[in-house]
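**Q** In this note's numbering, the protein residues as written are -14 to 234. Note that the Cβ used here is the ideal one computed from N, Cα and C, for glycine as well. Every value quoted in this text rests on a predicted model; they were computed, and no experiment measured them. Got a structure here, written out as structure tokens. Questions coming.
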Amino acid sequence: MLHLERPLVFFDLEATGTDPQAARIIQIGMQRFVPSGDGAALDETIDVLVDPQEEIPAAVTDLTGLSPDAVRQAPPLGAHLDRIAPLLADADLAGYNALAYDIPLLQAEFERHGRTLPGPDDRVVLDPYRLEQVLRPRTLSALYERYTGDALDDAHDALSDVEAAGRVLQRQLADHDIDGTPADLAQQIRGDYLDDQRRLKQDGDAVVVCFGKHDGKTLRDIQRDHPGYFDWMYETIDDLRPHIDEALE
């Protein structure tokens, strides 16, 4: 049970892109809870559409179901801030992947309107995504015990780790009813990422860089705005070069 000492706002933002510094909000969902006895009580709910005043990429529409027509009659973000700000002013925050995306996005949007994101100096952020990484560690020993029910007694012995990895993989396939070739499975794991180290990701028609100081920017934006960095990336990271060539054809 969660014991609140002050209000807690769960929130999620839908936006025009994956870069929290550049994307524009198109939908805001919030639920504010306040302390109530030993638990929490729902105080207010917000579910609003926002006109981003820029194009919504087709990939975002496919993902969210929000088309340009759906938000065209909605107020721009500035019209919502006076309602949102008081809910955040004394509250901790919570949201899935909020630390990496939603909070930086909300901060950037407030700053575009000449404001700072309101909140206590000692604000706490609860991110279920991060908590899951703590609660369900992904070491081989942890996965082995989770999938087989047995302890891995000889962890970090090479052959024992090989055998354990094989058992884990077989249990993963069986438990999740997965069937396919190694190439099929590798593609499923890779998803929208173009390389196994997840440094480049397909985002609609664009390819987004997922590492370094330009994390979240598209290849074309980096090529145009930061040609020196683009040249370094192209010339020194050999295994990315074919993906870059294909993306910029």
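So if DSSP puts Gly29 in a beta bridge, which residue, or which two residues, is it bridged to?
**A** Working through the sequence shown from its first residue, we reach residue 29 at position 44. Per the sequence presented here, residue 29 reads as Glu, with Gly not at that position. In the DSSP output, where bridge partners are listed per residue, Glu29 has Arg17.
**Q** So what does DSSP say about Val35, is it helix, strand or coil?
**A** The residue you call residue 35 lines up with position 50 of the sequence shown. DSSP places Val35 in coil when its eight states are reduced to three.
**Q** Does the distance from the C-beta atom of Leu91 to that of Leu102 stay below 7 Å?
**A** Stepping through the sequence shown from its first residue, residue 91 is reached at position 106. Stepping through the sequence shown from its first residue, residue 102 is reached at position 117. Taking 7 Å as the Cβ cut-off, Leu91 and Leu102 qualify as a contacting pair.
**Q** Taking Ala85 as the reference, which of Asp54, Asp77, Arg115, Met15 has the closest Cα?
**A** Taking the first residue of the sequence shown as 1, we reach residue 85 at position 100. Of the candidates Asp54, Asp77, Arg115, Met15, the one whose C-alpha sits nearest the C-alpha of Ala85 is Arg115.
**Q** Can Arg9 and Pro(-8) be called in contact, C-beta distance under 7 Å?
**A** Position 24 of the sequence shown, counted from the start, is the residue given in the question as residue 9. Position 7 of the sequence shown, counted from the start, is the residue given in the question as residue -8. It is not a contact, given that the beta carbons lie outside the stated cut-off.
**Q** Give me the Cβ distance between Ala76 and Leu111, rounded to the nearest whole Å; I'm assuming they're in contact under 8 Å.
**A** Within the sequence shown, numbered from 1, the residue matching residue 76 stands at position 91. Within the sequence shown, numbered from 1, the residue matching residue 111 stands at position 126. Contact doesn't hold; Cβ gap of about 11 Å is too wide.
**Q** Report yes if the CB atom of Ile13 is closer than 7 Å to the CB atom of Val56, and no otherwise.
**A** In the sequence shown, the residue the question calls residue 13 occupies position 28. In the sequence shown, the residue the question calls residue 56 occupies position 71. Result no, Cβ atoms of Ile13 and Val56 do not sit closer than 7 Å.
**Q** Using the C-alpha atoms, what's the distance from Gly197 back to Pro167?
**A** Numbered from its first residue, the sequence shown carries residue 167 at position 182. Numbered from its first residue, the sequence shown carries residue 197 at position 212. Each residue's Cα considered, the two are about 30 Å apart.
**Q** How far does the alpha helix (DSSP H) with Gln187 in it reach, from first residue to last?
**A** By one-based count along the sequence shown, residue 187 stands at place 202. Premise fails: Gln187 lies in the beta strand (DSSP E), 185 to 188, not in any alpha helix (DSSP H).
**Q** Tell me Val192's beta-bridge partners as DSSP assigns them.
**A** Counting from one through the sequence shown, the residue named residue 192 turns up at place 207. According to DSSP, which records beta bridges pairwise, Val192 is partnered with Gln187.
**Q** Would you call the region -10 to 7 in contact with the region 200 to 212, where contact means no fewer than 3 C-beta pairs closer than 8 Å?
**A** Because the criterion of three Cβ pairs below 8 Å is met, the region -10 to 7 and the region 200 to 212 touch.
**Q** Give the straight-line distance between the Cα atoms of Ala140 and Leu120, rounded to the nearest whole angstrom.
**A** By one-based count along the sequence shown, residue 140 stands at place 155. By one-based count along the sequence shown, residue 120 stands at place 135. So the two alpha carbons sit approximately 20 Å from each other.
**Q** Rounded to whole angstroms, what is the Cα-Cα separation between Leu(-2) and His(-12)?
**A** One-based indexing of the sequence shown puts residue -2 at position 13. One-based indexing of the sequence shown puts residue -12 at position 3. Rounded to whole angstroms, Leu(-2) to His(-12) spans 25 Å at the Cα level.
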